[in-house]
Amino acid sequence: MTTKEIITAYYDAFNRGDTDAMCALLASDVAHHVNEGSVRHGIDAFREFSAHMTACYKETLTDIVIFVEGDRAAAEFTVNGAYLADDDGLPPANGQTYKLPGGAFFALKDGKITRVTTYYNLSDWIAQVAG
1 MTTKEIITAY YDAFNRGDTD AMCALLASDV AHHVNEGSVR HGIDAFREFS AHMTACYKET
61 LTDIVIFVEG DRAAAEFTVN GAYLADDDGL PPANGQTYKL PGGAFFALKD GKITRVTTYY
121 NLSDWIAQVA G
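Sequential numbering of the sequence shown, starting at 1, is according to the UniProt record's numbering.
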């Protein structure tokens, strides 16, 4: 698969809620840099984070545009979500919906994603769910 095909497959799996398919695209030592959080290393940490996110949020990404330069990629997208369960340090959840722009950066090696760095505007998200 090309870099663009790998990133496209990653987001297709995300939108299906298929963590196993996402993990199949990751290097075993993947570095996952989450917005406003610490770096998680390895597929097990990625899977744990994904399980937490699935419990608290239901998200679909639209308007995805992928940019590729060699073994690096970037994506811009719209996050369409619902806040399902309280997440530590954030406002209470009661199914609030939100829509905000987001982006991610990727590094790849030998056909696997070695780094995922995700960004969105947390203040915008809080304003939308706090009502």
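All C-beta atoms, glycine included, are put in the ideal place defined by N, C-alpha and C.
Option in the options with minimal Cα separation from residue i
{"i": "Ile64", "options": "Leu90, Asp18, Pro101 and His52", "result": "Pro101"}
{"i": "Ala130", "options": "Gly89, Thr54 and Thr8", "result": "Gly89"}
{"i": "Asp124", "options": "Asn94, Ala107, Ala51 and Thr78", "result": "Thr78"}
{"i": "Phe105", "options": "Ala74, Asn121 and His52", "result": "Ala74"}
Continuous alpha helix (DSSP H) stretch holding residue i: start and end
{"i": "Asn15", "result": "Thr3 to Arg16"}
{"i": "Asp44", "result": "Ile43 to Cys56"}
Host beta strand (DSSP E) of residue i (start-end)
{"i": "Ser28", "result": "Leu26 to His33"}
Per DSSP, cross-strand counterpart(s) of residue i
{"i": "Gly103", "result": "Glu76 and Tyr119"}
{"i": "Thr97", "result": "Ala82"}
{"i": "Val65", "result": "Glu76"}
Contact under 9 Å by Cβ, residue i with residue j
{"i": "Ile126", "j": "Ile6", "result": "no"}
{"i": "Val68", "j": "Thr3", "result": "yes"}
{"i": "Asn80", "j": "Thr62", "result": "yes"}
{"i": "Ala21", "j": "Ala9", "result": "yes"}
{"i": "Ala45", "j": "His32", "result": "yes"}
Local Cβ density within 10 Å of residue i, reported as buried at 16 or more and exposed below that
{"i": "Arg115", "result": "buried"}
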